[in-house]
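Below is one structure, written out as structure tokens; comments come after it.
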DNA sequence: CCCTTTCCTTGAATAGTTCAAGATTGGGTT
DNA sequence: AACCCAATCTTGAACTATTCAAGGAAAGGG
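Residue numbers (this note's numbering), protein chains in the order written: chain A, 81 to 221; chain B, 81 to 221.
Shown next as structure tokens:
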């Protein structure tokens, strides 16, 4: 758990103005890993009830662009955000309930995978999504 | 390029009724790998002008459910479909223009990757998306 | 050839996200 | 401390991809 002062430094480090909506969104993403936009709006409004949804969308975009948060969006899901950035970790997604958990990099380097034939593309990231069933959904009811 | 008779056999093999919309969608997906729904609707209507968009959505869902086509949806993209199924290959996506190309499996087995810590999930598939720039977009203009 | 079930058409609804215009505010400068 | 301007936020509407729902059409087994 980080303090508001930490978030302020992170924003200044990214050359973003320090505003209350931004501090609140940053805190919400840190507190609720893999939360979708709606959940983040809810968390932010617990502290700043008047924040518009558009502001949250704008802030999330700014934070994503500067790399302070990472946006993930498995097929069939809405956009989700997390604060764990820079370590190229991956995700497991439950096919049944959609819950997401972190998985460390399969090999240990960034990027941790190399395409066997890159089709002439210059590749800068390998994103892995593991699909399966979470413990709760695979448990006999 | 497969014939209409092949597509008919594929549908029957999947226990789906053989209809003209389904044959046309199947042909369109085979002819236009990684096409989005709108492109597929366009391709289908070149042959069957009266097909509704809802029919195409329904058919794509049926084909995806039975495994005759595969649905892919990189972050920020609409749903796309391809007919190459069952070999667990992966994709490179251009950050600039969104174009997609196939990449063979990084290791060669299905699933070709194993999560280092699976968080208790039972994993049945590892999906890899390589992000980068396609040859056209990275060329000096 | 008929009947049942599946499929397609038509039309409307929905959710998530973005666009646009104007008001507010952060923070560098005077 | 007051000023200024670009960046940010509010308000409200628009948009797109997709899904829902009800009724008509047609596939294919009997």
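Cβ coordinates follow ideal geometry from the N, Cα and C atoms, glycine included.
Limits of the alpha helix (DSSP H) - the one that residue i falls within
i                     : result
residue 92 of chain B : 84-93
Three-state class that DSSP yields for residue i in the structure shown
i                      : result
residue 150 of chain A : strand
residue 127 of chain A : helix
residue 139 of chain B : helix
residue 111 of chain A : helix
residue 118 of chain A : helix
residue 98 of chain A  : coil
residue 165 of chain A : coil
residue 199 of chain A : coil
residue 189 of chain A : Because residue 189 of chain A carries a pLDDT of 49, less than 50, the predicted location of this residue cannot be relied on, and the following value inherits that uncertainty. Residue state, collapsed to three classes: coil.
9 angstroms Cβ cut-off: residues of chain A touching residue i
i                      : result
residue 164 of chain B : Under the 9 angstroms cutoff, chain A gives no residues; its nearest Cβ is about 14 angstroms from residue 164 of chain B.
Closer than 9 angstroms at the beta carbon, the chain B residues around residue i
i                      : result
residue 215 of chain A : 199, 200, 201 and 202
Boundaries of the beta strand (DSSP E) in which residue i is found, first to last residue
i                      : result
residue 206 of chain B : 202-213
residue 173 of chain A : 170-174
residue 181 of chain A : 180-183
Chain-ordered chain A contacts of residue i [CB-CB under 8 angstroms]
i                      : result
residue 151 of chain B : 155
residue 177 of chain B : By Cβ distance, chain A contributes nothing, its closest Cβ being about 11 angstroms from residue 177 of chain B, past 8 angstroms.
residue 93 of chain B  : The premise fails here: residue 93 of chain B is roughly 24 angstroms from chain A at the closest Cβ pair, so nothing lies under 8 angstroms.
Amino acids of chain A, ordered along the chain, whose beta-carbon sits closer than 7 angstroms to that of residue i
i                      : result
residue 172 of chain B : 195, 198, 199, 201 and 203
residue 209 of chain B : 207
residue 181 of chain B : 199 and 201
Contacts of residue i in chain B (Cβ-Cβ under 7 angstroms)
i                      : result
residue 218 of chain A : 202
Using Cβ-Cβ distances below 9 angstroms, what residues of the stretch 115-148 of chain A are close to chain B?
none
Stretch-stretch touch, CB-based, cutoff 8 angstroms, three pairs: the stretch 96-115 of chain A with the stretch 135-149 of chain A:
yes
Do the stretch 168-187 of chain A and the stretch 198-209 of chain A make contact, defined as three or more Cβ pairs closer than 8 angstroms?
Contact holds: three or more Cβ-Cβ distances are below 8 angstroms.
The stretch 103-120 of chain A / the stretch 146-165 of chain A touching (three or more Cβ pairs under 8 angstroms)
yes
Within 8 angstroms, do at least three Cβ pairs link the stretch 209-221 of chain B to the stretch 172-184 of chain B?
yes
Would you be able to state if there are at least three C-beta pairs under 8 angstroms between the stretch 119-133 of chain B and the stretch 116-131 of chain A?
Flag = no, the stretch 116-131 of chain A and the stretch 119-133 of chain B do not touch.
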